[in-house]
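Numbering (our numbering), first residue to last: 2 to 392. Yeah, the Cβ is synthetic: ideal placement off N, Cα and C, and Gly gets one too. Just so we're clear, the structure is a prediction, and the values are computed from it rather than from any experiment.
Here it is in structure tokens:
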């Protein structure tokens, strides 16, 4: 059986969560007798991959006729049976792949690697009102009306209607997705968590007083909020002897470095895009301040290394990964003083920190790669068996 994974970015070791999951599935399916192919749109500048992959020719317009024809030709030449679209959360980068599969009658599995209401949460007006239930429901209905008028490449409904199956990362996202895609056939929705890919490592007996952030330095990650929190820590609780390491790169890096300098933060280091494992081994605490997420791999990775996570409860799947007060803290969005208080509490309570570290190591077994890989095999086989029923 021949399976193609379609991604926005080339799969490299230093890349983000979507690429990490794709790499895992590539290796898992290959080891189980599948022939797996990789196609991507954009390269990572300065990074190279050891995997055999093919890039689209038009790097400016994902949905150009040039790219669509390229995809169709590749699918025919390699006799692809199923396509797994890892970019389905954004219809602007999914339409070309969707059109190609639809025209060739090849089953398409579309995976939403983020919260289904991504575009609402990115909108500054909507963010003001998002965290009350009544206004949230009202916003969903307004958004559905917007989609019904401006349907097509800009609407997730186009992707849904032209997919054999849609995969969500958490059951918590089901209601969000249903609100947005009213009057759709929800029988073709599946839920598969991301796996905890890393094997539990041998950790040093004495970790350092290090807090770590790992992720893209983009507006979604809201690292400026983390710097504000660290400013509270350094101003209110002096001489703690803790350091904050920020791993990753992106469009906001220069702005964040200047912000840190202007705030005169003494113990903040910007490391860049590196393998985070050596920093996970050293760190005691992991901080996330994202506006929204899907099912972040970094929360699984850090717990594999016994690094206790703190994050805003800003996305539905957070409660799948973190049991508040047990293996981490979920902070009300976006209460910086509350966040700083919890962070300081952990910094100064080694007994609690050790207890939560142990719970992290236990929690990670809930996301067993073998179990999740098996769910993907079942999904691919079921999709092929239903090939004649949809597309």
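Indicate whether residue i and residue j have their beta-carbon atoms separated by less than 8 Å.
i, j, result
"residue 317", "residue 223", "no"
"residue 96", "residue 112", "no"
"residue 60", "residue 13", "no"
"residue 234", "residue 344", "yes"
"residue 308", "residue 284", "yes"
"residue 195", "residue 306", "no"
"residue 160", "residue 94", "no"
"residue 298", "residue 18", "yes"
"residue 20", "residue 35", "no"
"residue 57", "residue 68", "yes"
"residue 118", "residue 72", "no"
"residue 332", "residue 354", "no"
"residue 173", "residue 320", "yes"
"residue 397", "residue 293", "Outside the displayed span of the chain (2 to 392) sits residue 397, for which this structure offers no information."
"residue 228", "residue 260", "yes"
"residue 230", "residue 106", "no"
"residue 75", "residue 55", "yes"
Put residue i into one of helix, strand or coil per three-state DSSP.
i, result
"residue 9", "strand"
"residue 60", "coil"
"residue 375", "helix"
"residue 129", "Because the pLDDT at residue 129 is just 48, under 50, the model does not fix this residue reliably, and the value given afterwards should be weighed accordingly. Helix."
"residue 282", "helix"
"residue 67", "helix"
"residue 4", "strand"
"residue 85", "strand"
"residue 310", "strand"
"residue 357", "helix"
"residue 317", "coil"
"residue 287", "strand"
"residue 14", "coil"
"residue 275", "coil"
"residue 264", "coil"
"residue 244", "strand"
"residue 113", "coil"
"residue 256", "helix"
"residue 54", "coil"
"residue 41", "strand"
"residue 269", "strand"
"residue 332", "strand"
"residue 92", "helix"
"residue 102", "helix"
"residue 381", "helix"
With distances taken Cα to Cα, identify the nearest neighbour of residue i among the options.
i, options, result
"residue 177", "115, 196, 234", "115"
"residue 1", "77, 181, 118", "Outside the shown range of the chain (2 to 392) lies residue 1, about which nothing can therefore be said."
"residue 92", "108, 62, 237, 285", "62"
"residue 1", "6, 375, 25, 356", "A question about residue 1 goes unanswered here, because the residues of the chain that appear run from 2 up to 392."
"residue 366", "33, 302, 277, 204", "302"
"residue 357", "104, 287, 193", "287"
"residue 110", "254, 245, 189", "189"
"residue 373", "86, 10, 29", "29"
"residue 193", "181, 371, 259", "371"
"residue 252", "265, 216, 338, 266", "216"
"residue 339", "218, 313, 219", "313"
"residue 23", "332, 386, 86", "86"
"residue 322", "175, 363, 351, 336", "363"
"residue 179", "255, 31, 163, 158", "158"
"residue 473", "375, 238, 25", "Because the chain is modelled from 2 through 392, residue 473 falls outside the range shown and cannot be assessed."
"residue 210", "33, 349, 26", "349"
"residue 255", "166, 55, 375, 218", "218"
"residue 37", "277, 81, 346", "81"
"residue 277", "335, 186, 250, 3", "250"
"residue 262", "165, 170, 175, 225", "225"
Could you pull out every unbroken alpha helix (DSSP H) segment of at least 4 residues lying fully inside the segment 150-235, listed in chain order? 157-162, 175-181
Would the segment 38-57 count as touching the segment 322-329 if we require 3 or more Cβ pairs under 8 Å? no
With contact counted as at least three CB pairs below 8 Å, one residue from each stretch, are the segment 373-380 and the segment 202-211 in contact? no
Report yes or no: do the segment 242-252 and the segment 266-277 share at least 3 C-beta pairs separated by less than 8 Å? yes
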